[in-house]
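Just below is one structure, and these are the notes that go with it.
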Amino acid sequence: MAKQTGNPFLEFDLSKMLGEYKVPGLDVESILASQRKNIEAVTAANQLAIEGLQAVLRRQAEIVRSSVEEAGTYVNQVAAAGTPEEKAAKQAELVKVAFEKALSNIKELAELVAKSNTEAADVLSKRVSESLDEVKAAIAKK
Numbered sequence: 267m268a269k270q271t272g273n274p275f276l277e278f279d280l281s282k283m284l285g286e287y288k289v290p291g292l293d294v295e296s297i298l299a300s301q302r303k304n305i306e307a308v309t310a311a312n313q314l315a316i317e318g319l320q321a322v323l324r325r326q327a328e329i330v331r332s333s334v335e336e337a338g339t340y341v342n343q344v345a346a347a348g349t350p351e352e353k354a355a356k357q358a359e360l361v362k363v364a365f366e367k368a369l370s371n372i373k374e375l376a377e378l379v380a381k382s383n384t385e386a387a388d389v390l391s392k393r394v395s396e397s398l399d400e401v402k403a404a405i406a407k408k
């Protein structure tokens with residue numbers, strides 16, 4: 267019997283109900299086993315997605331920390347420049363460096379997200395393929 271939760275929908279035992287009807291050619295256990303595998307695949311994909319999100323967030327925090335430190339150095343470099351022309355030239359140089367760094371960081375974060383999405387999708391794709399094989403095998407038995 268299913269665990270008592272107080273919710274009649276969660277306490278519903280599908281295998282018991284289907285077992286009572288004895289539908290010819292219906293293998294209740296294989297259907298339930300297949301659904302269990304589906305749920306496990308979705309759970310694994312969700313776990314990979316969460317881990318990927320955590321990696322992206324950690325990297326974003328590192329980027330922010332590094333950017334704040336670099337901004338402080340940039341201010342000191344501009345302040346140390348002598349004439350207004352030198353300050354303007356230094357600012358232009360530092361803006362270019364900061365822009366290139368920002369583009370590099372964006373690319374890195376996009377690659378992290380893509381990798382995470384691919385890993386999660388691969389788990390689901392593999393399960394769909396296995397599920398189709400299970401259906402083919404079940405049809406071949408009949």
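Start counting the sequence shown at 267; every next residue gets the next number (this note's numbering).
Note that the Cβ used here is the ideal one computed from N, Cα and C, for glycine as well.
In this chain, the alpha helix (DSSP H) harbouring aspartate 399 covers 350-407.
Assignment of alanine 346 by DSSP, reduced to helix, strand and coil, places it in the helix class. Rounded to the nearest angstrom, the gap between the Cα atoms of lysine 392 and glutamate 328 is 34 Å.
One Cα belongs to serine 296, the other to valine 389, and the distance between them is close to 21 Å. Exclusion of the five residues before and after lysine 356 leaves Gln343, Val344, Ala347 as the residues of its chain whose Cβ lies within less than 8 Å of its Cβ. A Cβ-Cβ distance of about 4 Å is found for the pair alanine 386 and leucine 314, placing them in contact under the 8 Å criterion. Across the set Leu360, Ser333, Ser397, Ile405, the C-alpha of Ser397 shows the shortest separation from the C-alpha of lysine 303. Between arginine 325 and leucine 378, the CB-CB gap stays under 8 Å.
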